[in-house]
Amino acid sequence: MYIYDWADQSPLGDNYTYCRSCNRSLKTLQRGPVELRRHADTNKHKKRTRIYQRTVRQSQLSETLQCSDAAVSFINKHCYTGPAKSEHKARLFARCRLGSQYPKDITSACHHTPYCLYVFGGEPLGKDDTVSVVLVGFFDVDASGHCLQFLDALQSENSAGEKKTAAAVVETVKKFGLHTDNLVAVYSDDDGADSEQICTQLRELNPNIVAIGGLYAIADASCHAGIKGLSNQVQEFMVDMHTHHSSCSTKNDDLTAVFGSDDPLDLNSGCLKFCLLVTNILDVWTDLIAYFKSCDGEDEKAKSVCSQLQDPKVRATFLFLQHALKPLHSFQSRLQTEEEVDRADMLLILQEASKLLSTYTSYFLRPEAADRFLQERDAQILKDKSFHLSGSEVNLGGEAVEDFLKESEALFEEEALSFYAALTGCIAEKLPLGEETLRSISQLLNPRSRQEVTGKSVGELGTLLGICSSEEEVEKLIAEFLEYQKAEEGENSAEVPLEEHWASVLKDTRPGSGFRKLVLTLLALPCPPLEAQQVFTQALGAEEATLFSESEALTESDSELTSDGFLSDNNHCKDPQIHSEAMNGLKVKHCEVRLTKINDDENGDDGKEMPTRGSFGWESSLRQKPQARAVFQAGVSSWSAPQPVDQDSRKGLESQEEG
1 MYIYDWADQS
11 PLGDNYTYCR
21 SCNRSLKTLQ
31 RGPVELRRHA
41 DTNKHKKRTR
51 IYQRTVRQSQ
61 LSETLQCSDA
71 AVSFINKHCY
81 TGPAKSEHKA
91 RLFARCRLGS
101 QYPKDITSAC
111 HHTPYCLYVF
121 GGEPLGKDDT
131 VSVVLVGFFD
141 VDASGHCLQF
151 LDALQSENSA
161 GEKKTAAAVV
171 ETVKKFGLHT
181 DNLVAVYSDD
191 DGADSEQICT
201 QLRELNPNIV
211 AIGGLYAIAD
221 ASCHAGIKGL
231 SNQVQEFMVD
241 MHTHHSSCST
251 KNDDLTAVFG
261 SDDPLDLNSG
271 CLKFCLLVTN
281 ILDVWTDLIA
291 YFKSCDGEDE
301 KAKSVCSQLQ
311 DPKVRATFLF
321 LQHALKPLHS
331 FQSRLQTEEE
341 VDRADMLLIL
351 QEASKLLSTY
361 TSYFLRPEAA
371 DRFLQERDAQ
381 ILKDKSFHLS
391 GSEVNLGGEA
401 VEDFLKESEA
411 LFEEEALSFY
421 AALTGCIAEK
431 LPLGEETLRS
441 ISQLLNPRSR
451 QEVTGKSVGE
461 LGTLLGICSS
471 EEEVEKLIAE
481 FLEYQKAEEG
491 ENSAEVPLEE
501 HWASVLKDTR
511 PGSGFRKLVL
521 TLLALPCPPL
531 EAQQVFTQAL
541 GAEEATLFSE
551 SEALTESDSE
561 LTSDGFLSDN
571 NHCKDPQIHS
581 EAMNGLKVKH
591 CEVRLTKIND
601 DENGDDGKEM
611 PTRGSFGWES
621 SLRQKPQARA
631 VFQAGVSSWS
641 APQPVDQDSR
651 KGLESQEEG
């Protein structure tokens, strides 16, 4: 039984006592208690004890991480670029990234703040492994900004379908005890069956959840739907042109300008890329005709392309696509940004999204039919020819297109109507909320347009988003909004950043307020950029190429420790892993070490130099000036020129041994 908690039985035998903090054995045969007390009082032991205890605490924290092993692996893959680490060190690193309060901080925030769940599927983990990464986003009033936090990563299985992925997401929400009443939106980067299943199963927890992912997939999905509504001629024409370009040994400059590298042509790659491809082809149309006319007459593909280039209907189709896709191109350009978007820009995105349907319905539907479709969202209205505009009224792109049509105008109009119907139907399907709702959200969040918002629209928002479940709650919400509207009247808050404005307003709003919850719900909606790696960097921080130190929290004084030459038995260490982790955190400062002899007893206390004289001492006489000694540069691994050692330096070194 030892009187010190750091003392233990030594592997060297009964004549020694093992110090767990210092990883060394102390000789305690003759004066055991005295030696232990003397060792406990040394500064080195105290410093190493602090390091040891801190490492033990970190170890305990890493062992209690609530996230999955897949999450630990993902965090290390995304944030750490150093040499491979043990499983324990990997968990320590994950804990460091997630914070000591994880996941309590997330659970607490989601308990009193509306939040959005982010799901990014198919993220690579290993050679053949992928994970679905789950994050939480909400508006932090104290920080005056949107906050993104990593929640967990779900291991994907080869046999797992969308239903299993959705079930795993729901189970994650339950495992972390997230308050589902505050789960107001879900964003999934997969716009397919997985996303639909995730939303469906999450709505069993909260039926008012908004599936916001469709808003960011509108342009690409609608562009693809519209192109499918046209005849296959345009797509086959572009494929044939690219095949010719790829197979030619001599590259044509115009085709290179159109297609760029020899990468495979993907007409479904996205709205922005397709629009660029259409514009590039139109820019060199005349030059392409000249080039394909000069090609080998036996090349059937080249002859086919040349013939289509001279077909007025084909050129008219490209001019039509360039014109018809402009609204989608403009909308997608706002979303496709690498820089973090200000919340004020998010309002513009909502405004443009609210206009997409009315813009495209005006291109081909009669006004009364367009209004009816915006209200009912009935896809049959789009297909009913009696609701379509007459030939000359259909927006085909103006005179530039009509000049190329002449005899084939009727056939082209039919294709254009098919294009518009497919594209508009896709927009209506993907928009998470109605036109009026999106417009109301944009106006409400914008301090400049708050006077344009009516109490009725605010009440409808509260009901739609599940904030109000009775007429009484709707009336309270409207009253709170009108109070805000009146209080802000006349104040010049337009110059204040949007998030700062709302943080200031919300700090003065009572916690149980319906208006507070409505605003926090709207501010919780995702904001571009939503590219997976950028979102992960926001939540976890950027990659670090530097070697991770589990003792990174050490103070400068802690990091000055160096080896003191004590008796060590590393091969028999009781806690070799913890000790090595602690010692790995020590940093060697760039310094000069002057060699001098110091008598040090076995157990680490300093022996003061005795006043011996003659040949028994380390110098023949204290009155003699010592010889110059070479100086070793620690951290540089080189010897510098000899420098004399003065007595003051020796005394300083002696007095610092225990410090």
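First residue of the sequence shown: 1, per UniProt numbering; consecutive thereafter.
Here a beta-carbon is modelled for each residue, glycine too, at the ideal position from N, C-alpha and C.
Query	Result
Quick test of your reading: L461 and F515, contact by CB under 8 Å. State the CB separation rounded to the nearest angstrom.	That pair is no contact at about 10 Å.
Between I198 and Q149, which are expected to be in contact by the criterion C-beta below 8 Å, what is the C-beta distance as a whole number of angstroms?	19 Å between Cβ atoms; not a contact.
Starting from the N-terminal side, write out each stretch of the alpha helix (DSSP H) that is 4 residues or longer and does not extend beyond the stretch 70-133.	87-98, 104-112
If we ignore side chains and look at the alpha-carbon of each, how far apart do G398 and A316 end up?	10 Å
Taking the C-alpha atoms as reference points, what is the distance between D311 and I289?	11 Å
Am I right that residue 664 and G213 are in contact with their C-beta atoms under 8 Å? What's the rounded C-beta distance?	Residue 664 cannot be examined here, being either before or after the span of the chain that is shown, 1 to 659.
I'd like to check one pair, L335 with P528: are the Cβ atoms closer than 9 Å?	yes
Note down the Cα distance separating Q451 from D142, rounded to an integer number of angstroms.	26 Å
With a 10 Å radius around its C-beta and 16 neighbouring C-beta atoms as the bar for buried, classify W6 as buried or exposed.	buried
Please list, in chain order, all residues of the same chain as Q9 whose beta carbon is under 6 Å from its beta carbon, the five residues on each side excluded.	none
Could you tell me the alpha carbon to alpha carbon distance between E196 and F481, rounded to whole angstroms?	34 Å
Let me know the beta strand (DSSP E) ranges lying completely inside the stretch 169-210, each 3 residues or longer, listed in chain order.	183-188
Based on DSSP bridge pairs, tell me the residues matched to F150.	L135
Give the single residue among T165, A219, H111 whose Cα lies nearest to the Cα of V184.	H111
Is F373 near L357, with beta carbons less than 9 Å apart?	yes
Among L540, S304, E436, C223, whose alpha-carbon lies nearest the alpha-carbon of C275?	C223
Taking Cβ positions, are V113 and N182 nearer each other than 9 Å?	The sequence as given places Thr at residue 113; Val does not occur at that position. A contact, by the Cβ cut-off of 9 Å.
Does the separation of the CB atoms of D371 and S304 fall below 9 Å?	no
In whole angstroms, what separates the C-alpha of C19 from that of R50?	13 Å
Does the pairing of the stretch 434-454 with the stretch 496-505 give three or more beta-carbon distances under 8 Å?	yes
Nearest by alpha-carbon distance to C426: which of L255, K486, L350, A217 is it?	A217
Buried or exposed: where does V34 fall if 16 or more other Cβ atoms within 10 Å of its Cβ makes it buried?	exposed
Helix, strand or coil, according to DSSP, for Y4 in the structure here?	coil
What is the C-beta distance between Q101 and V131, in whole angstroms, given that I count them as a contact (C-beta under 8 Å)?	Actually they do not touch by this definition, with Cβ atoms about 23 Å apart.
Alpha carbon to alpha carbon, what distance is there between E483 and A90?	52 Å
Suppose the cutoff is 6 Å on Cβ atoms and the five residues either side in sequence are ignored; what does the same chain contact list for K164 look like?	none
Grab me the residues of I3's own chain with a C-beta within less than 8 Å of its C-beta, minus the 5 sequence neighbours each way, in chain order.	P33, L36
On the criterion of 16 or more Cβ atoms from any shown chain inside 10 Å, does G459 qualify as buried, or is it exposed?	buried
Alpha carbon to alpha carbon, how far is L277 from N76?	39 Å
Should E471 be labelled buried (16 or more other beta-carbon atoms within 10 Å of its own) or exposed?	exposed
With DSSP as the reference, please indicate the residues paired to L365 in a beta bridge.	H388
Can we say the stretch 38-49 touches the stretch 20-29, given the rule of at least three CB pairs closer than 8 Å?	yes
Going along the chain, which unbroken runs of the alpha helix (DSSP H) with 4 or more residues stay wholly within the stretch 503-539?	514-523
Give me, in chain order, the residues of the same chain whose beta-carbon lies closer than 7 Å to that of E415; leave out the 5 immediate sequence neighbours on both sides.	L230, S231
Cα-Cα, which of L272, A40, A344, E402 is closest to V314?	E402
Under DSSP, the alpha helix (DSSP H) around C271 begins and ends at which residues?	271-283
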